[in-house]
Amino acid sequence: MRLKLSGLLWGLLGLGACSGASVGADARGSRDASPRADAGRRGDAARRGDAGQRGDATPRRDAARAGDAAGVRARDARAARDLGRDSAPRSDQGAIVQEPAGLEGTVAAHNAARAAVGVGPLRWDPALAAIAEAWVRQCRDSAPPPPDRLDGLVDHNADRSAGYPSYVGENIYGSTGPTTGAAAVASWLREQSYYHHDSNSCDAPPPRSCGHYTQVVWRATTAVGCALYRCPGLTYAYTVVCDYGPGGNLNEQSPY
Numbered sequence: 000m001r002l003k004l005s006g007l008l009w010g011l012l013g014l015g016a017c018s019g020a021s022v023g024a025d026a027r028g029s030r031d032a033s034p035r036a037d038a039g040r041r042g043d044a045a046r047r048g049d050a051g052q053r054g055d056a057t058p059r060r061d062a063a064r065a066g067d068a069a070g071v072r073a074r075d076a077r078a079a080r081d082l083g084r085d086s087a088p089r090s091d092q093g094a095i096v097q098e099p100a101g102l103e104g105t106v107a108a109h110n111a112a113r114a115a116v117g118v119g120p121l122r123w124d125p126a127l128a129a130i131a132e133a134w135v136r137q138c139r140d141s142a143p144p145p146p147d148r149l150d151g152l153v154d155h156n157a158d159r160s161a162g163y164p165s166y167v168g169e170n171i172y173g174s175t176g177p178t179t180g181a182a183a184v185a186s187w188l189r190e191q192s193y194y195h196h197d198s199n200s201c202d203a204p205p206p207r208s209c210g211h212y213t214q215v216v217w218r219a220t221t222a223v224g225c226a227l228y229r230c231p232g233l234t235y236a237y238t239v240v241c242d243y244g245p246g247g248n249l250n251e252q253s254p255y
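Be aware that the sequence shown starts at 0, since it is given in numbering that gives the first Met the number 0, and climbs by one per residue.
If you want it as structure tokens, here you go:
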């Protein structure tokens, strides 16, 4: 049966199938967040820029030579900065990202899926990454069943929007074995097969959903920050949390 996507119930949970045929095959689970009534809480964002410094020229020959030397040093410094920028990790669209170990390629994986449906790229947001990091390190388990929730998987951060200038969406992925940010995104993208853009509907069998996928490709979302952490006491111990700004899955809107 095809289900119409509703605003507060875009499918709270997507469960990935076990993979591998051998004993100890990796089991995976994931969650997406749905908007809450207080989703509009906003905080202040500080913006800072570095001011350029300029020196005064002097008519004296010695001073001129010193100025020339200073100019060479400044030019070399600019070249070094440019080299550093050129060698920094970038998404496919060229935006500089700073993904930590284990999360390399996470932004690129998002942006490849977004490009496939004609929406713009995401940028890596350190503020969102800090929110995700602070939360996942608490290793808070979800409440036990109802059947649409996984026991042993990190729960959602109900306060993730506090202090951020927009509503923050959230996808959570857990694995019983070591994982990566790119693997988490690949799991969320498997929900695309259940989503029907023409009718903005999802026919995923419970407890699966389409909400992780729709957040990945949500047109109005412009930034993502993720964290990877191992929570030894949980069934799905290896956890990836990605937070999104502005968050998606709002009301009955189409993601793109």
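Glycine is no exception: its CB is placed at the ideal position from the N, C-alpha and C atoms.
Computed from a predicted model, the values in this text were never measured in an experiment.
Helix, strand or coil at residue i [DSSP, three-state]
| i | result |
| --- | --- |
| residue 81 | At residue 81, the pLDDT of 38 sits below 50, so the modelled position is not reliable; the number obtained from the coordinates is stated separately. Residue state, collapsed to three classes: helix. |
| residue 95 | Model confidence at residue 95 stands at a pLDDT of 48, short of 50, so the residue's coordinates are unreliable; what they give is reported in the following sentence. Note: residue 95 maps to strand in three-state DSSP. |
| residue 167 | coil |
| residue 195 | strand |
| residue 216 | coil |
| residue 257 | In the structure as shown, the chain begins at 0 and stops at 255. Residue 257 is therefore absent and cannot be evaluated. |
| residue 226 | strand |
| residue 253 | coil |
| residue 42 | Low local confidence applies: a pLDDT of 27 at residue 42 is under 50, so the model's placement there is unreliable, with the coordinate-based value given in what follows. Correct three-state label for residue 42: coil. |
| residue 248 | coil |
| residue 173 | strand |
For residue j and residue i, believed in contact at Cβ under 8 Å, the rounded distance
| i | j | result |
| --- | --- | --- |
| residue 223 | residue 118 | Residue 223 to residue 118, Cβ: 13 Å. No contact. |
| residue 256 | residue 216 | No information on residue 256 is available, as it lies outside the stretch 0 to 255 that the chain covers here. |
| residue 247 | residue 165 | That belief does not hold up - the Cβ atoms of residue 247 and residue 165 are roughly 11 Å apart, past 8 Å. |
| residue 228 | residue 174 | About 12 Å; that fails the 8 Å criterion. |
| residue 242 | residue 167 | 5 Å |
Rounded C-alpha distance that separates residue i from residue j
| i | j | result |
| --- | --- | --- |
| residue 140 | residue 150 | 7 Å |
| residue 99 | residue 203 | 33 Å |
| residue 186 | residue 104 | 14 Å |
| residue 132 | residue 183 | 16 Å |
| residue 254 | residue 231 | 35 Å |
| residue 137 | residue 127 | 16 Å |
| residue 102 | residue 170 | 14 Å |
| residue 177 | residue 135 | 15 Å |
| residue 195 | residue 201 | 6 Å |
| residue 249 | residue 198 | 16 Å |
| residue 129 | residue 160 | 12 Å |
| residue 213 | residue 29 | 14 Å |
The alpha helix (DSSP H) enclosing residue i, as first and last residue numbers
| i | result |
| --- | --- |
| residue 121 | Residue 121 -> no alpha helix (DSSP H), and no H or E assigned at all. |
| residue 132 | 125-135 |
| residue 102 | Looking at the DSSP string, residue 102 is not in any alpha helix (DSSP H), and its letter there is neither H nor E. |
| residue 188 | 180-188 |
Where the beta strand (DSSP E) containing residue i begins and where it ends
| i | result |
| --- | --- |
| residue 244 | 237-244 |
Minimum Cβ-Cβ distance from residue i to chain C less than 7 Å
| i | result |
| --- | --- |
| residue 122 | Among the chains in the structure shown there is no chain C, since it carries only a single protein chain. |
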